[in-house]
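Here's the structure we're looking at; comments come further down.
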Amino acid sequence: MTDPLIDLLVPALSAVPGVDAVVLGGSRARGDATPESDYDFGLYFRADAPLDVRDLRAAVAPFLDAPEEATITEIGEWGRWIVGGGWLKIGGQAVDLLFRDADGVAAVIDDAKRGIISVDYQPGHPHCFASSIWLAEVHHCLPLADRNATVDRMKQSLGPYPPALGRALIERFSWEIGFAAGNAAKAVPRNDRSYIAGSIFRALACAAQVIAAINGVYVMNEKGALRLAGTLPVTPADLPARVDAIWERFAAHDDRAALDLLAGIALDVQRLADAWIGRG
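Just so we're aligned, residue 22 is where the sequence shown starts under our numbering, counting upward by one.
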C-alpha cells in the first residue's frame, strides 16, 4: 500500500535488530479508518531473539514531532497480553507500536484451534482480554515487512475460523449475558446505577462475543464489537436499535425497562447459541 508515513517508518522499524516482522493493524488495516485514526504497527519478534528496545528508540527518534512526549516501553512493561510498545506523534499523526512475541502468538493460535482460550483482566479493555484477540490481530493485519514469512505462516495456520474456538467462546460468554443482567436487576432497589451500567455493558460485550463466534468472525476488542455484531448474518433482529433503546431507558432512569430490553437480547442470543451448538 502507498502511504507516506508507512513508507517513511517501516524501513526504519524493520531494520531494528530483533524485529522479525512489521504489520499494520487496527482500522487502517481493516479499511475503516478516518483521517484522524491512529496508525497501529505491530512489531513481531522471536522469543530467543527479542527486539532491541534501545535501537528502536534510536530508529524512530529522527521522525518524532515531540521526542520528549514519546513513550517506548521495555518488553513486558504493559503486561502479558499487551506486552509493550510505544505512543508516538509523527507528522501530526498518532502512531502506536505494539510488541508481539511471535512464538507466543503461534502457541495461542494452536490452543485456540483446540478450543483453549484464556480470559483476563487488562487495563484498557473494560470487558476483558480474551486470548482470541491475538488471532484477530493476525487475521486482520497487513504485513508490511515479513522477511522470514513469520506472520504469513501464522495467517495461513488460521485457515477457516476454528469451530473449536467458536464453541469455546460461546460456552465461555453465553451464560454470562443473562447472569450479568440478573445481577443488574438485583441492584435496582439499591439504585446502584454505576453497578447497573457496568452489568449492562458486560452483558452486551458478552453478547457481541457470542454473536461473532456464531458467525465465525474474530473480535479485536470491545470497541465497535456491538456495531459489528449487528451487521452479521446471524444476529438478533434489530440489535443496534435495541441496544440504543437500553441506554436511552437507562439515561431516563427507567432501569427496569432497560433491563427488560436486555433480558430480551439475552434470550435471543441464547437461542442462537443453542442452535449453533446443536448443529455442531
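Think of the CB as a built atom: it goes at the ideal place given N, C-alpha and C, for glycine as much as any other residue.
Contact belief for residue i with residue j at Cβ below 8 angstroms, rounded distance in angstroms
i	j	result
residue 64	residue 118	6 angstroms
residue 35	residue 166	4 angstroms
residue 205	residue 280	6 angstroms
residue 39	residue 66	5 angstroms
residue 287	residue 233	The Cβ separation is near 16 angstroms, so there is no contact.
residue 112	residue 26	6 angstroms
residue 163	residue 50	5 angstroms
DSSP three-state assignment for residue i, whether helix, strand or coil
i	result
residue 8	Residue 8 falls outside the range modelled here, since the chain spans only 22 to 301, and no answer is possible.
residue 299	helix
residue 147	strand
residue 221	helix
residue 156	helix
Best match in the options for proximity to residue i [C-alpha to C-alpha]
i	options	result
residue 289	273, 264, 278, 270	264
residue 10	226, 234, 221	Residue 10 is absent from the model: the chain starts at 22 and stops at 301.
residue 284	44, 195, 248	195
residue 188	170, 277, 161, 296	296
residue 152	170, 126, 42	126
residue 42	261, 27, 170	170
Euclidean distance between Cα positions of residue i and residue j
i	j	result
residue 254	residue 300	16 angstroms
residue 190	residue 235	9 angstroms
residue 47	residue 60	8 angstroms
residue 88	residue 81	9 angstroms
residue 68	residue 121	9 angstroms
residue 114	residue 143	26 angstroms
Beta carbon of residue i nearer than 8 angstroms to that of residue j
i	j	result
residue 228	residue 217	no
residue 306	residue 44	The structure shown has nothing for residue 306, since the chain only spans 22 to 301.
residue 107	residue 95	no
residue 37	residue 85	no
residue 294	residue 238	no
residue 282	residue 266	yes
residue 179	residue 160	yes
residue 116	residue 150	no
residue 72	residue 133	no
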